[in-house]
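Mapping to numbering that gives the first Met the number 0: the sequence shown position 294 is 293, numbers consecutive.
For reference, the structure discussed in these notes is given below.
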Amino acid sequence: MSAAFDGSGYRQRVLAELHRRSSLDLDDPFFVAALDPDVVHTDAQVREQLAAVMAFLQRQRNATRYASLAATLVRRRAEWEAPLLDAATRDQLRARVLAARQAGQAERLAKVARNLATVRERFGGVPRSRVAGLRRLAAADGVTTEQFDAVLAGEQVIEDGWGDGIEPLAAGVRRQIRDRLVELRQLRVGNRAATASLWAFLGVPADSPPERIRAAYEIALERNQRRPHDREKTVIADLLAQVRTRLLDGDPAAYTAGLVADAREEIRGRVEEHIVLDGELGPAAFEGLVREILSSGSGLSTAQAKTLLLGVARELGAAVTTGVFLDYVVCAQCCRPEPVDGSRICRYCDTELYTACPSCGRETEAAAVACRSCGRSMRQAREAAEAVFAIRRALDAGRVRYAGELLAAARPVLALLDGAAAREAEELGARVQAALAAADAGWRALVDNREARRADAATDGARWLVSHARDVPGPDGRTPEEVLAELVAHQDVIHRRVAAARELPAPDQENALAAVLATAADSREALAALAALPLEPPRDLTATEQDGGVVLRWRASLSSAAPVSYRVVRLFGDASDPERVVAPEHSLGTTGSTELVDAGVPVGVMVRYEVTAIVGSRRSVPVRTPGLVVMRDVTELRAEQIGDAVKLSWRLDGPVDAVTIERTVDESSPVRLPTRRTRANAGQYVDSAVQAGVTYRYQVYVEFHDADAVPARTDGASTMATVIPRPPAIRDLQVTTAAGRTMLRWNAPAGSEVRIYAVPPNDPQPSSQSGLSSSPPGHPLAVEDTEVDLARIADPARLVGSSDSGHLVDLSAAGELEYVPVTVLAGRAVVGRAVRHLIVGEITELRADDRGEEIVLSFRMPLGITEARVLWRRDQLPTGPDDPEADQAKVTNTSLEIKGGWHLAAPSDGSAYFIACYPLVHIGGTLTAVPPGTGILARPAVRAEQDARPNPPLRVDVSAPAAGGQEGWRAAHPSTHPSTSADPADPAAAGDQQAAGDQRAAEDRQAAGSAGASADPPTGASSLVQPDQQPQQEQPYQGQPRQEQQPQQPQQEQQEQQPQQEHQPQQQQMREDAAMVSYMVARVGWRRRTLRVQVRAEGLLPELLLVARSGTTPPQTREDGQVLARVPAREAAHAHGEHTVEVPLDGARLPWGVRLLPGPDAAQIVLRHPPDDALVLR
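Written out as structure tokens, the structure is:
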């Protein structure tokens, strides 16, 4: 049910089938709703499907083919939707639908079996030429091809070489006219006779002259123009246009020929059915098909119908046996033979030529002695008909018992005939029994009325018995005529008593007439005389307003008649003339008590009430109340602050909408303002003329005029509101991540609370490593400096916390987030400037286990990270997460746990393996590898290699890796969690960024007593000095560079001048006395806007300088460029020391060449430089 609704399939399976049917049948709602009854659906699934079907039907109302059908289904939607919406009804309906479908399927399969049996009995098997026709017959009955083939598999198929017939194609114009006629038939609920053809639509025969056709056309056109605009009017207009085009402007014979073609197409299936089942078209079938064509209302004559049938049979290649071409029937009245041409009335004496056999119900000649169908005697049938006529006449005359006697005498004859006569006998027997039962009920009612002294009702009952059951005696044996005579005599006595009462004085007439009614309670004469007497009115009528309504009370009438009821009417009056009625009266009902409450009294209008006493048809003089004006008061008054204004809302029922608002300042407020009055309506008012910090008191009431036209007011309602000032928006939020903690700082406003929300970014815009968006961020909660409703802030916004001190810690920070500050003051909340920040932890516990032919890597991913990218190179550590020279692979936490680490196939070829790991996070919907990264020398090279280039990289020469694996060190792009800074060009802020970025470096600087390697690097575009410019306070380097660093004499030439035997002891001596330093250079951070130098040293580390110059050639000496940063000296003897230097590249004009060189006071040092290509920043 969750799949998308298939409108095309619904149109083909449901609408096409419903359109094909002659009448719209909604007994199977599952079929209309396209629900499978074999599947049990939930209420939600049913509602979803019904909504999809209804939406599709609404769209189909504008379609061409199924517009009327769709409109009908929408109009009658309650008939097929309601049973499906109720679960219990749906289950019952499912059982009925399944049973009906199974029964219909069984019946269709049985019909297929019968058709096959008929062909088998005729031909000794099923000829193959008949298979296609039988399959088409089965398909027309709704049997699928698979089901037909399953039944056919049990039959013997005979090869007879019969070929399939070719069905003609229907013309487009005829199809268009036929579709419009079918649509009109559906709109008129199955009126087939008037929609069979355009001739039937006009109500004229096919051979009518043009004058008659035009007259019928003009009448239909004039009627259609008076119709309201609906779908039926559109369809009729289309049909009238076809009439004008095809019958008036064109040749009517062409349309009649089209009807012949349509009839040929419609009757072809029936002809084929007879041919398939019988092998030929016999006389009976031929005549039946002729009658069927004529009964279809197509306007074809008998000759045209017979010619059509012969042509269809000729196309199918079948023989036709018509028998005697002309048949005759003898008239029962004049005995003249008539040709069988479809006429039912004798043209000579206007007598019916055919009659229905009372036995079998089939039609036969009226002059026949016996029925041609069942062979029973027609004389007996006539006798039975005469008996039936006599029985009906007796029942109509009220002789019920006599009719029963006649029925008993004629029952043997009727039973002998059987068929329709027997059924008619049963009907007459039922009528006799019903008449006897009605007579019995009438006698019981008459007895009850006499016992209850209802003389008029008893007399009426006796007259009914005389009319309908005059021969049925009563309980005492007397006939209805005798009882009626007695009751008429009693009515004469009542008449004389009423006449005598009318002669009495007026005060005594009511008592005398009441005495008459005591003996004849329903005497119409006595009741009429009593109604002519005046009735005492109610007394002391009062009207009191209570709870928005009016309570009416009065004292009862003094009349002695009972029971007395009171009719209450509300009148609308005029204040200037209280007795004048300005609107029609409104009845409040009739009651038997002396009190009534009018809860629906109109507001603001003067009303009066009128009470009238009623006894039967008698009415007293009405009594009225004085004028009264009811005014409802203000309720549910509320005051709330909207921005810098106060919004008042209230409820005031009734048509009166205007109120008066009176505003005063509360005594507790520091200011004093005059009272202010305002008129308002619509149930609300916004007071924008308010001051912050002031408490206002509002009184809301309604002013009106009372019944005496005097100004008045309601009590009203009051409320108070204190105006809260708008809190300031936070625009200096700073975000810092260090040591797994994300700190948020801002300047705390006085008296306000600040809430920080963390929201995942909803746009692909990358975030800055500094914690601030490089461009204006999106608005995850609302636009900056706008007010929001705190109650409406929902997922995915996460509340980090609230503080009034200006700092918070987010312990759940992970990935890319936008931090949004919201200032809150007494319920008012203002959104500040959002800051986008990326939080990624470091990969730790990196281990490499060299197993000879493979290296097993293990590590721990940061919190919230489940995937990492592993890069490896053979010449150096990868320069970054996207190093093009490195191979890479993606590793997940799950694979690390299942496989016991990540396995890298590493054959022992003597070369080194450098591996770096970077966490993978989703940034802007893309999985991206981001710093910090962690690197490791997984396998050192087994021999020393030298490069012929200047400043060649020196590799460690060891025989084998240490047991248990190598500890990892930080690779290019180490951990960077710089703090958010309002001004990135601030040197102090830049120093804080580097201190937060490398905690270990900060500790080393503290131990060495240095301010840091980046104490004064150029930070930001405004203060960054290009390498080709002269440094402002930098002294030239006076020390002598080492021989392998002289650019004038390449290392290859030195090796040629010095023997290998002398060079090796010198290198050994240098390793023992000098510091061994290697480093890597990489661009890291978001958008790669930070230069990072990773230094690794053995022994005493002297001061080092990071020198850079413009171009693609790295500097060789200090004088070749500008000093960007310093690496302080430190002691790291007999241990591997690490240090990280970071320099922002904002505003730098690349490319740059960089190199790490010894400081001015550096001792012996061996610097292992990366390749020159790795020292160029592009």
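Beta carbons: idealized from backbone N, C-alpha and C, even for Gly.
For residue i versus residue j, is the C-beta distance shorter than 8 Å?
i, j, result
"Ile212", "Asn223", "no"
"Val699", "Val655", "no"
"Val172", "Leu201", "no"
"Ile914", "Ala940", "no"
"Arg832", "Glu786", "no"
"Val1165", "Ala1074", "yes"
"Ile723", "Arg827", "yes"
"Gly900", "Leu856", "yes"
"Pro726", "Val830", "no"
"Thr718", "Leu636", "yes"
"Glu509", "Leu526", "no"
"Tyr608", "Leu516", "no"
"Asp140", "Arg107", "yes"
"His1138", "Val1094", "yes"
"Ile792", "Leu807", "no"
State yes or no: is the beta carbon of residue i nearer than 8 Å to at least one beta carbon in chain E?
i, result
"Trp745", "Absent from the structure is chain E; it holds one protein chain and no more."
Go ahead and pull the three-state DSSP assignment for residue i.
i, result
"Ile922", "strand"
"Arg12", "helix"
"His1138", "strand"
"Gln59", "helix"
"Ala971", "Only weak support is given to the placement of Ala971: the predicted model assigns it a pLDDT of 37, under 50, and the question is left unresolved by the model."
"Thr144", "helix"
"Met742", "strand"
"Leu97", "helix"
"Gly934", "strand"
"Tyr912", "strand"
"Asp991", "Because the pLDDT of Asp991 is 38, which lies under 50, any placement of that residue in the model is unreliable, and the question is left without a value."
"Thr518", "helix"
"Leu436", "According to the sequence provided, residue 436 is Ala. The question's Leu does not apply to it. Ala436 falls in the helix class under three-state DSSP."
"Arg46", "helix"
"Arg263", "helix"
"Glu106", "helix"
"Glu841", "coil"
"Phe285", "helix"
"Leu1219", "Because the chain in this structure spans residues 0 to 1177, residue 1219 falls outside the shown range and cannot be described."
"Gln1115", "coil"
On the premise that residue j lies in contact with residue i, defined as a C-beta separation below 8 Å, what is that separation, rounded to the nearest angstrom?
i, j, result
"Ser586", "Val568", "5 Å"
"Leu413", "Ala429", "The Cβ separation is near 14 Å, so there is no contact."
"Ala519", "Pro537", "Actually they are not in contact, since the Cβ atoms of Ala519 and Pro537 sit about 29 Å apart, beyond 8 Å."
"Glu852", "Ala905", "7 Å"
"Val1106", "Leu1156", "5 Å"
"Arg662", "Tyr697", "6 Å"
"Val319", "Leu280", "4 Å"
May I ask you to list the residues that DSSP assigns as paired with residue i?
i, result
"Gly1152", "Arg1108 and Val1175"
"Val1126", "Leu1103"
"Ile755", "Gly800 and Pro820"
"Leu551", "Ala542 and Leu595"
"Ile854", "Asp849 and Leu903"
"Arg1164", "The sequence shown places Ile at residue 1164, rather than the Arg named in the question. DSSP output for Ile1164 lists Ala1074 as bridge partner(s)."
"Ser564", "Ile613"
"Leu534", "Ser619"
"Leu647", "Ala638 and Tyr684"
"Tyr353", "Glu364"
>> Which runs of the beta strand (DSSP E) at least 3 residues long sit entirely within the stretch 584 to 645? Give them in chain order.
In response: Runs of the beta strand (DSSP E) inside the stretch 584 to 645: 594 to 597, 605 to 614 and 634 to 641.
>> Restricting to runs no shorter than 3 residues, where is the beta strand (DSSP E) found entirely within the stretch 807 to 837?
In response: Within the stretch 807 to 837, complete beta strand (DSSP E) segments of at least 3 residues are found at 814 to 824 and 827 to 830, given in chain order.
> Can you list, in chain order, the stretches of the beta strand (DSSP E) that have 3 or more residues and sit fully within the stretch 458 to 502?
Replying inline: Runs of the beta strand (DSSP E) inside the stretch 458 to 502: none found.
> What are the start and end residues of each continuous alpha helix (DSSP H) run of 4 or more residues lying completely inside the stretch 182 to 256, in chain order?
Replying inline: Runs found: 197 to 201, 209 to 225 and 230 to 242.
>> Extract the residue ranges of the beta strand (DSSP E) inside the stretch 667 to 754, only unbroken runs of 3 or more that lie entirely within it.
In response: With a minimum length of 3 residues, the continuous beta strand (DSSP E) runs that stay inside the stretch 667 to 754 are 675 to 679, 683 to 686, 694 to 700, 702 to 704, 710 to 712, 716 to 721, 733 to 737 and 740 to 744.
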